[in-house]
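To start, the structure under review is shown below, and the notes come after it.
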Amino acid sequence: MSQSTSLPEWNLSSLYQSMEDPKIDSDLSQVEKDIKAFAKAYKGQITSLNAKDLVTCLNTYQDIVTVIRKLGCFGMLIYRQCMTDSARSGLNQKIQERINAASQDLVFFSLELNQIEDQSLNNFYDQEPDLKNLKPWFNDIRAFRPYQLSEAEEGILHMLNPFANENWERLHNESLAGLTFTYLDRENVTISEVMHDFSATKKEIRQAANHAFSQEIRKILPINCLALNTIAKQKAVIDTKRGFKKPIQSRNMANQVEDEVVEALITTVQKNYQNLSHRYYGLKAKILGYQKMPYWERSAPLNFGADKTYSWDEACSLVWQAYNDFSPEMSAIVQKFYDHNWIDAKLRPGKDNGAFSMQTIPAANPFILVNFKGSVRDVATLAHELGHGVHQYLSNSQGILLMDTPLTVAETASVFGEMLTFKSMYQSATDANLKKSLLASKIEDMLNTVVRQIAFCDFERRVHDLRKEKELSPDDFKAIWQQVQAESLGDAIETQDSDYENYWSYISHFYHTPFYVYAYSFGDCLVNALYTCYEQGHPNFQEKYIDLLKAGGSKRYDELLKPFDLNPKDPKFWQMGLDLVSSLIDQFDGLVTNNG
Numbered sequence: 109m110s111q112s113t114s115l116p117e118w119n120l121s122s123l124y125q126s127m128e129d130p131k132i133d134s135d136l137s138q139v140e141k142d143i144k145a146f147a148k149a150y151k152g153q154i155t156s157l158n159a160k161d162l163v164t165c166l167n168t169y170q171d172i173v174t175v176i177r178k179l180g181c182f183g184m185l186i187y188r189q190c191m192t193d194s195a196r197s198g199l200n201q202k203i204q205e206r207i208n209a210a211s212q213d214l215v216f217f218s219l220e221l222n223q224i225e226d227q228s229l230n231n232f233y234d235q236e237p238d239l240k241n242l243k244p245w246f247n248d249i250r251a252f253r254p255y256q257l258s259e260a261e262e263g264i265l266h267m268l269n270p271f272a273n274e275n276w277e278r279l280h281n282e283s284l285a286g287l288t289f290t291y292l293d294r295e296n297v298t299i300s301e302v303m304h305d306f307s308a309t310k311k312e313i314r315q316a317a318n319h320a321f322s323q324e325i326r327k328i329l330p331i332n333c334l335a336l337n338t339i340a341k342q343k344a345v346i347d348t349k350r351g352f353k354k355p356i357q358s359r360n361m362a363n364q365v366e367d368e369v370v371e372a373l374i375t376t377v378q379k380n381y382q383n384l385s386h387r388y389y390g391l392k393a394k395i396l397g398y399q400k401m402p403y404w405e406r407s408a409p410l411n412f413g414a415d416k417t418y419s420w421d422e423a424c425s426l427v428w429q430a431y432n433d434f435s436p437e438m439s440a441i442v443q444k445f446y447d448h449n450w451i452d453a454k455l456r457p458g459k460d461n462g463a464f465s466m467q468t469i470p471a472a473n474p475f476i477l478v479n480f481k482g483s484v485r486d487v488a489t490l491a492h493e494l495g496h497g498v499h500q501y502l503s504n505s506q507g508i509l510l511m512d513t514p515l516t517v518a519e520t521a522s523v524f525g526e527m528l529t530f531k532s533m534y535q536s537a538t539d540a541n542l543k544k545s546l547l548a549s550k551i552e553d554m555l556n557t558v559v560r561q562i563a564f565c566d567f568e569r570r571v572h573d574l575r576k577e578k579e580l581s582p583d584d585f586k587a588i589w590q591q592v593q594a595e596s597l598g599d600a601i602e603t604q605d606s607d608y609e610n611y612w613s614y615i616s617h618f619y620h621t622p623f624y625v626y627a628y629s630f631g632d633c634l635v636n637a638l639y640t641c642y643e644q645g646h647p648n649f650q651e652k653y654i655d656l657l658k659a660g661g662s663k664r665y666d667e668l669l670k671p672f673d674l675n676p677k678d679p680k681f682w683q684m685g686l687d688l689v690s691s692l693i694d695q696f697d698g699l700v701t702n703n704g
């Protein structure tokens with residue numbers, strides 16, 4: 109594979125050439141006109157269309173949605189590169205507001221589609237293959253029929269969304285991105301850098317970084333308390349109006365997963381807290397010489413003297429090789445991300461401090477954001493996001509309406525990619541201490557994905573339930589946070605430290621996608637079951653797995669797993685996924701106990 113000499117930044121030219129590209133304004137103007145024309149031609153007419161006319165209508169709609177998405181993705185990507193830059197945030201906001209205003213005239217479409225009689229639609233499927241191919245998309249829309257409001261009410265919610273929802277998220281993001289940190293002999297440290305120091309090799313750096321982080325996020329605590337209170341209350345009002353009985357229900361529907369399946373996942377993980385996180389962190393505390401670890405030691409690296417860091421080229425090569433050993437088709441796609449600068453890995457002030465892969469439009473490509481500093485965890489993050497990227501690249505073949513996957517399935521390829529990379533690195537390691545270090549890092553990544561995310565979900569459930577009764581004070585948030593952290597982490601970690609009490613406030617998913625977080629645990633357990641199948645030599649595994657990725661949103665999660673003889677509706681399914689985590693802890697315990 110080709111080599112690079114520095115951390116890459118995005119080349120967004122598959123969308124637009126630059127922020128000044130005149131095509132942005134011309135596309136905005138044209139799509140506004142196209143939406144008007146679409147509404148004029150079809151509003152009030154959908155139920156009277158025949159099958160052929162409905163195909164024509166949907167083709168026009170897909171063209172409009174493609175341009176909307178192209179514009180929206182470009183604006184968001186530019187913004188995420190530097191969220192404190194007014195030109196970037198201004199462009200993104202302009203795009204969002206104009207698109208939102210124009211697409212007000214599209215609100216009627218899904219409402220009228222849901223007025224088509226079931227039998228008529230079934231007849232249309234028989235008459236037109238293009239409609240039959242979109243049956244999963246129609247099913248998703250029609251699943252929300254019981255919760256739809258009137259066109260006037262839906263229109264009001266649509267108009268308010270950028271201001272009532274997205275601006276609270278933006279306030280949180282920009283407040284957080286604007287923080288700088290001072291500790292030890294360092295000044296003006298960015299949020300990505302300070303969070304990287306949570307797992308620094310030196311104890312005094314970990315402690316100082318966490319303390320500095322705590323002091324700075326405390327300064328914006330009133331903003332985050334107000335934002336989350338407002339988001340939770342608004343959700344409660346809308347959920348009540350729509351008829352959802354629980355705050356998590358609408359997210360489950362969007363994820364195309366039954367309430368009882370999600371509840372089984374959450375309950376099973378919570379029952380395993382003691383066997384997983386409590387047991388592992390007890391071992392870690394003992395290794396680090398603590399009876400009870402301070403909270404800031406949770407992410408301390410267990411290097412065992414093997415303090416390994418990786419250059420960008422080394423990380424890219426490791427991940428590529430892991431994917432290539434599994435499937436040359438997948439590694440060829442990974443190479444495209446490297447070759448065409450579809451990854452932004454450079455650390456910059458104001459940059460989004462997280463990591464993501466954004467699917468854009470079928471004619472373009474996904475874009476990955478990471479903040480790379482060379483740790484084992486950074487290699488795992490690259491493998492994770494490239495899993496998303498490969499998944500998104502392959503699912504583009506489904507077209508604009510079916511290429512997106514529900515959050516639960518979206519984590520499949522990312523977590524699987526992490527596992528492939530870990531296994532490759534672990535098996536090739538010859539140093540015993542490096543093996544222990546890699547195993548500890550992998551276990552902690554899995555606990556962060558499974559246990560920590562379910563604890564986050566538990567925090568959200570308690571916050572949203574209490575918000576129905578009153579506005580939460582900082583002390584309310586603190587009490588809920590400390591309780592769920594104590595329950596999930598166990599007695600080996602001090603979770604009641606005043607420096608740790610506001611760490612809930614930086615977790616962006618709480619603000620932009622309530623109840624997103626359980627999808628990580630869902631995906632990890634699902635992948636653990638899949639990976640067990642792979643290791644056991646399930647026939648034609650790679651071919652079936654790539655078909656799963658190509659399916660995008662055209663199949664539900666249970667359909668996708670049928671070729672592997674897996675049934676996620678079986679209560680034992682989730683325990684099977686957790687047993688893999690437990691087996692790695694057993695392996696780690698044995699290595700540490702026997703080898704010191």
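If you count by this note's numbering, then the sequence shown holds residues 109 to 704, one letter each, in order. Glycine is no exception: its CB is placed at the ideal position from the N, C-alpha and C atoms. Just so you know, these numbers come straight off a predicted model, no measurement behind them.
Around D539, the same chain offers A414 as residues with beta carbons nearer than 8 Å, after the five sequence neighbours per side are excluded. Counting only runs of 4 or more residues that sit fully inside the region 494-552, the alpha helix (DSSP H) segments are 515-536, in chain order. Assignment of N296 by DSSP, reduced to helix, strand and coil, places it in the strand class. If you ignore the 5 residues before and after N432, its C-beta comes within less than 6 Å of the C-beta of S439, all in its own chain and listed in chain order. Residue pairing by DSSP places I451 opposite I476 in a beta bridge. In the DSSP assignment, F649 falls within the alpha helix (DSSP H) that extends over 649-658.
By the criterion of a C-beta distance shorter than 6 Å, K151 is surrounded in its chain by F216, once the five residues flanking it on both sides are discounted.
Within 10 angstroms of the beta-carbon of E552 lie 16 or more other beta-carbons, which makes it buried. When Cβ pairs closer than 8 Å are counted between the two stretches, the region 479-488 is seen to touch the region 303-313, the count reaching three or more. Within the DSSP bridge table, the entry for M191 names no partner.
The beta carbon of D605 sits closer than 6 Å to the beta carbons of Y403 from its chain, once the five residues preceding and following it are set aside; these are given in chain order.
Y388 has no beta-bridge partner at all, per DSSP. In the assembly as shown, V345 is an exposed residue. Its beta-carbon has fewer than 16 other beta-carbons within 10 Å. Straight-line spacing of the CA atoms in Y389 and F585 works out to 25 Å. The region 507-517 makes contact with the region 647-662: 3 or more CB pairs, one atom from each, lie closer than 8 Å.
With respect to the 9 Å criterion, E405 and L396 are classified as neighbours on the basis of their beta carbons. The C-beta of N318 has 16 or more other C-beta atoms within 10 Å across all chains shown, which makes the residue buried. Checking the DSSP bridge columns, you'll see F289 partnered with V297. Two segments are said to touch when three or more pairs of C-beta atoms, one from each, lie closer than 8 Å; by this definition the region 352-369 does not touch the region 637-647. P330 is classed as exposed because its beta carbon has fewer than 16 other beta carbons within 10 Å across all chains shown.
Looking only at D452, S581, K544, the smallest Cα-Cα distance to E117 is reached by D452.
When secondary structure is reduced to three states using DSSP, S483 falls in the coil class, being assigned neither helix nor strand. Sixteen is the threshold: when 16 or more other Cβ atoms of the shown chains lie within 10 Å of the Cβ of Q561, as they do, the residue is buried.
Within the same chain, and ignoring the five residues on either side of F232 in sequence, the residues whose Cβ sits closer than 7 Å to its Cβ are A159, L162, L239. In the DSSP assignment, E140 is bridged to no other residue. S258 is classed as exposed because its beta carbon has fewer than 16 other beta carbons within 10 Å across all chains shown. Going by C-alpha positions, K652 is about 27 Å away from E368. Look at P270 here: in three-state DSSP terms it is helix. Counting only residues of its own chain and dropping the five nearest sequence neighbours on each side, S407 has a CB closer than 6 Å to the CB of F306, S307. Straight-line measurement puts the Cα of V175 at about 9 Å from the Cα of Q138.
Counting C-beta atoms within 10 angstroms of its own C-beta, F630 has 16 or more neighbours from the protein chains shown and is therefore classed as buried. Contiguous beta strand (DSSP E) elements confined to the region 288-363 occur at 289-291, 294-297, taking only those with 3 or more residues. Under DSSP, F464 shares a beta bridge with L477. In the displayed model, E609 falls within coil according to three-state DSSP, outside both helix and strand. Between P270 and H572 a beta carbon distance of about 22 Å is seen, past the 8 Å cut, so the two are scored as non-contacting. A distance below 7 Å between beta-carbons, with the five flanking residues on each side excluded, links F524 to the following residues of its chain, in chain order: G495, V635, L638, Y639.
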